[in-house]
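Residue numbers for the sequence shown follow my numbering, so the first one is 230 and each next one is one higher.
Built from N, CA and C at the ideal position, the CB exists for glycine as well.
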Amino acid sequence: MNRKQLRAQCRPHLWFQLYWVVYLIWFFWLDLTITDPKYIIHSRIDDRIPFNEWFIFPYCSWFLLLAGVTALLWWCDTQSYDKLCLTMFSGMTFCLILYMLLPNGLKLRPTAEAIGRSNIAMSILQLIWKADASVNVCPSIHCQSSACMALAFTNSRLAKDRPALKVLAWVWAALICASTVFTKQHSIIDVVCGLAVAFVWVPVVYRPAGK
Numbered sequence: 230m231n232r233k234q235l236r237a238q239c240r241p242h243l244w245f246q247l248y249w250v251v252y253l254i255w256f257f258w259l260d261l262t263i264t265d266p267k268y269i270i271h272s273r274i275d276d277r278i279p280f281n282e283w284f285i286f287p288y289c290s291w292f293l294l295l296a297g298v299t300a301l302l303w304w305c306d307t308q309s310y311d312k313l314c315l316t317m318f319s320g321m322t323f324c325l326i327l328y329m330l331l332p333n334g335l336k337l338r339p340t341a342e343a344i345g346r347s348n349i350a351m352s353i354l355q356l357i358w359k360a361d362a363s364v365n366v367c368p369s370i371h372c373q374s375s376a377c378m379a380l381a382f383t384n385s386r387l388a389k390d391r392p393a394l395k396v397l398a399w400v401w402a403a404l405i406c407a408s409t410v411f412t413k414q415h416s417i418i419d420v421v422c423g424l425a426v427a428f429v430w431v432p433v434v435y436r437p438a439g440k
């Protein structure tokens, strides 16, 4: 199949991205309406994880990973792109429904005064804290979607026989997951639950051919 035929085959699948309109409206509506969460997520492990504002950079790199993986798969591997949309968007929808049924939040974020540091990472983090309240956290959509992207990319034709790219994808996803707890955006419980929502698709979507 030449590149022109490939583009023609991929184009109809671009409409899947309209899901983001639904997701963003739904997410921010919940963010504004759930101001007093019924369930506070916390683990003793959270207390042992030190706060590190510099992890805000891998945290924000989620947007680059999302755009890059989605665009590459849409352009080069329609089947893997479809799998990414199925696993990631269904997982996000499940998380949003769960937030409505079990409104949850965190009490982990330190104050800037308590941290006592002033740098570019702290400035960016405080902007994110202002825009994103400590509610609707479990499962972590940041972690769920990162795992879905790593799964889709490493199982695509782009990563076939390229182990270095597979390692890079998983290391990047792991850094994003780690960043959520080091910046106190999420509890370790949120991370585990978010990964569970992603990996539940593995035996269904990514099972070996013939099974």
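Between S363 and S309, the C-beta gap is not smaller than 8 Å, which leaves the two residues out of contact.
In the structure shown, the three-state DSSP call for G320 is helix.
Closest in C-alpha terms to W358, from the list A381, K312, I285, comes I285. E342: member of the alpha helix (DSSP H) spanning 341-344, first to last residue. Between W430 and L294, the gap from beta carbon to beta carbon reaches 8 Å or more. DSSP places Y252 in the uninterrupted alpha helix (DSSP H) bounded by 248-262.
DSSP places V364 in the strand class (E or B) of the three-state scheme.
The bridge partners DSSP lists for Y268 are N333. Straight through space, the alpha carbons of P287 and L356 are spaced by roughly 16 Å.
For L302, the enclosing alpha helix (DSSP H) has its first and last residue at 285-305. Using a Cβ distance threshold of 8 Å, I370 and S272 do not count as a contacting pair. With 16 or more other CB atoms across the displayed protein chains lying within 10 angstroms of its CB, E282 is buried. The beta carbon of A350 is closer than 6 Å to those of E282, W283, I285 in its chain, skipping five residues each way along the sequence. Residues H371, S375, I405 of the same chain have their beta carbon placed closer than 7 Å to that of W291, with the five preceding and five following residues left out of the count. Secondary structure of F382 (DSSP, three-state): helix.
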